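Protein sequences, first through last, are from chains A and B. Under this note's numbering, the first residue of the first sequence is numbered 6, with each subsequent residue one higher. Under this note's numbering, the first residue of the second sequence is numbered 6, with each subsequent residue one higher. We treat Cβ as the ideally placed atom computed from N, Cα and C, and that holds for glycine. No experiment lies behind these values; they were computed from the predicted model shown. Below is one structure, written out as structure tokens; comments come after it.
There are 2 protein chains.
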Amino acid sequence: MPSDDRSAERREGLNQQAKAAPERQEAFLAFLALADRLKHTLRAAHTGERRENSAEHAWHVALIATTLAEEVVPRPDLGRVLAMIAVHDVVEIEAGDTFAFDDAGLLTQLERERAAAARIFGLLPPETGARLRESWEEFEAQETPEARFAMGCDRLQGFLQQIECGAPAWKEIGLTKARSLVRMQPAIDLGAPFAPMILALYDRALAEGLLVP
Amino acid sequence: MPSDDRSAERREGLNQQAKAAPERQEAFLAFLALADRLKHTLRAAHTGERRENSAEHAWHVALIATTLAEEVVPRPDLGRVLAMIAVHDVVEIEAGDTFAFDDAGLLTQLERERAAAARIFGLLPPETGARLRESWEEFEAQETPEARFAMGCDRLQGFLQQIECGAPAWKEIGLTKARSLVRMQPAIDLGAPFAPMILALYDRALAEGLLVP
């Protein structure tokens with residue numbers, strides 16, 4: 006009977022929904038549990054007596070973005086900026102952090118990170134995974150004002166953190182100001198508030214002998 | 006001569022600006038350098054073999070918010086949510102993290118955190134400090150949809166992290182499901198996606214003997 010068919014269809018539809026919902030939750034939980042590993046991806050800078058990890062770095066970058074958001078004109082869309090910052094290093098769970106002056110590592114970085122992105126964001130329900138991946142790609146492409154503002158915050162954090170910890174990783178390779186500038190110039194080019202803060206930090210780094218003039 | 010007066014005034018104005026700008030930068034840098042200490046504020050949960058800190062926790066909460074933002078209707082303003090999450094634990098730099106089941110600590114938590122907020126946000130230029138403090142207060146007051154969504158992400162992170170690490174802090178105090186629910190009920194009351202994920206995690210916690218039934 007048609008009514009029975011419809012009701013059977015409805016039951017089937019509800020069953021599929023009920024089945025889909027727990028799978029969706031499990032997908033979120035699997036991704037969020039895996040994300041914990043970013044707390045064990047170590048960076049070149051120190052915090053206190055130990056290496057800084059990429060998870061706490063990402064929080065520090067988010068705090069910088071929140072603090073400086075009203076210092077730039079026009080104001081960036083803070084939701085997009087902070088979403089980018091939350092996901093910008095997630096691929097390092099598999100690909101590892103690549104030190105800004107590790108030339109060999111930089112050669113393979115993009116390839117390693119793309120493969121990691123496919124696997125990690127692939128744990129999520131497809132539309133959520135695509136949205137987070139797009140946010141990561143927006144940051145990498147550096148084509149929007151939000152991506153550039155997020156990059157400025159990211160570079161400022163890495164630079165400030167090195168100077169605050171006495172820059173052992175810079176000293177180890179005898180980093181020159183000129184070589185450091187290759188990394189920092191895109192952030193300086195953003196102008197205020199990044200340029201004056203970074204230039205003041207360069208003065209401090211040189212005065213403290215953390216960079217080779 | 007009036008034109009000289011005006012030009013002298015202009016010079017004076019520019020001098021004041023030039024003087025104000027470095028002080029403003031120094032205020033930002035002092036706040037952002039102090040923020041590093043949140044990476045050494047330890048929480049009750051573990052990550053790997055060590056205690057989790059509040060900075061990496063805050064990043065994990067931001068990732069949860071970014072991931073789940075499109076699962077709730079109406080969609081929260083993600084910029085406000087993620088700004089709240091970035092600042093929500095900054096006061097712990099001075100006040101420390103208070104374990105959710107430390108009844109003695111909870112009694113003095115608000116007072117300790119308010120004093121810390123005044124000192125820490127007080128490092129910033131006044132309008133920036135006021136904005137960050139308002140964001141922290143919005144989270145604490147739990148009166149807006151954004152604050153409640155951020156709270157749901159915060160509670161889910163703490164709960165998931167304990168279960169993932171085998172919940173040594175719960176076992177130590179013999180935490181019961183009923184006592185845990187006092188903490189988790191506000192997040193469960195938000196409905197999907199929080200309620201089904203948290204209820205699924207309760208099933209897992211009980212099956213693994215992490216909570217007393």
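Next on the checklist: Just to make sure I have the definition right: I need the residues of chain B whose C-beta is within less than 8 Å of the C-beta of M202 (chain A). Which are they?
Outcome noted: Q30, F33 and L34
Checklist entry - Around the Cβ of V78 (chain A), are there at least 16 other Cβ atoms within 10 angstroms (buried) or fewer (exposed)? => result exposed
Checklist entry - Given a threshold of 16 other Cβ atoms within 10 Å of its Cβ, counted over all protein chains shown, does T52 (chain A) qualify as buried or as exposed? => result buried
Next on the checklist: Please identify the residue among B:L37, B:L68 and B:P218 whose C-alpha is closest to the C-alpha of R138 (chain A).
Outcome noted: B:L68
Next on the checklist: For I193 (chain B), would you say it is in contact with chain A, using Cβ-to-Cβ distances shorter than 9 Å as the test?
Outcome noted: no
Checklist entry - Would DSSP call R209 (chain B) helix, strand or coil? => result helix
Next on the checklist: Measuring only the C-alpha atoms, how far is L87 (chain A) from A210 (chain B)?
Outcome noted: 32 Å
Item to check | Local conformation of M202 (chain A) per DSSP, three classes | outcome: helix
Next on the checklist: Closer than 9 Å between beta carbons: that is the criterion. Which residues of the segment 102–128 of chain A meet it against chain B?
Outcome noted: none
Checklist entry - Secondary structure at R56 (chain B), three-state DSSP: helix, strand or coil? => result strand
Item to check | Buried or exposed by the 16-neighbour rule on C-beta atoms within 10 Å, applied to G179 (chain B) | outcome: exposed
Checklist entry - Quick one: which chain B residues come within Cβ less than 7 Å of I69 (chain A)? => result L37
Checklist entry - Quick one: Cα of M6 (chain B) to Cα of E76 (chain A), how far? => result Residue placement at M6 (chain B) cannot be trusted, given a pLDDT of 39 that sits under 50; the coordinates are not used to answer.
Next on the checklist: Any beta carbon of chain A sitting closer than 9 Å to that of Q166 (chain B)?
Outcome noted: yes
Next on the checklist: Once the 5 residues before and after L161 (chain B) are set aside, which same chain residues still bring their CB inside 7 Å of it?
Outcome noted: I69, A192, F199, M202 and I203
Next on the checklist: Within 9 Å of any Cβ in chain B, is that where the Cβ of S140 (chain A) sits?
Outcome noted: yes
Item to check | Backbone secondary structure at L19 (chain B) - three-state DSSP | outcome: Annotation note: pLDDT 48 at L19 (chain B) (below 50); position unreliable, coordinate value reported separately. Three-state result, L19 (chain B): helix.
Item to check | Whole-angstrom distance between E28 (chain A) and V187 (chain A), CA atom to CA atom | outcome: 46 Å
Checklist entry - List, in order along the chain, the chain B residues whose C-beta lies closer than 7 Å to that of E213 (chain A)? => result What E213 (chain A) touches in chain B: nothing, since even the nearest Cβ is about 14 Å away.
Item to check | Complete beta strand (DSSP E) runs within the segment 55–94 of chain B (minimum length 3 residues, chain order) | outcome: 55–58
Checklist entry - Does DSSP put V217 (chain A) in a helix, a strand or coil? => result strand
Checklist entry - Can you tell me whether Q30 (chain A) is buried or exposed, with buried defined as 16 or more other CB within 10 angstroms of its CB? => result buried
Checklist entry - If you draw a straight line from the C-alpha of E99 (chain B) to the C-alpha of A40 (chain A), how long is it? => result 28 Å
Checklist entry - By a C-beta neighbour count over all protein chains shown, 10 Å radius and 16 as the cutoff for buried, is A60 (chain B) buried or exposed? => result buried
Checklist entry - Would a C-beta distance cut-off of 9 Å place P130 (chain A) and A38 (chain A) closer than the cut-off? => result no
Checklist entry - Three-state secondary structure (DSSP) at A146 (chain A)? => result helix
Next on the checklist: Check whether the segment 90–105 of chain A and the segment 146–159 of chain A are in contact - that is, three or more C-beta pairs closer than 8 Å.
Outcome noted: yes
Checklist entry - How about W64 (chain B): is its C-beta nearer than 9 Å to some C-beta of chain A? => result yes
Next on the checklist: Determine, for I90 (chain B), whether the minimum Cβ-Cβ distance to residues of chain A falls below 9 Å.
Outcome noted: yes
Next on the checklist: Is there a C-beta anywhere in chain A that falls below 9 Å from the one on L137 (chain B)?
Outcome noted: yes
Next on the checklist: If I measure Cβ to Cβ from H65 (chain B) and keep anything under 6 Å in the same chain, skipping five residues before and after, which residues do I get?
Outcome noted: Q162
Item to check | Range covered by the alpha helix (DSSP H) that runs through K182 (chain B) | outcome: K182 to I193
Checklist entry - In the structure shown, what three-state DSSP assignment does A100 (chain B) receive? => result helix
Checklist entry - Is the Cβ of R153 (chain B) closer than 9 Å to any Cβ of chain A? => result no
Item to check | Interface partners of H93 (chain B) on chain A, CB under 9 Å | outcome: The contacting residues do not exist; H93 (chain B) stays about 11 Å from chain A at best.
Checklist entry - Does any residue of chain A bring its CB to less than 9 Å from the CB of P150 (chain B)? => result no
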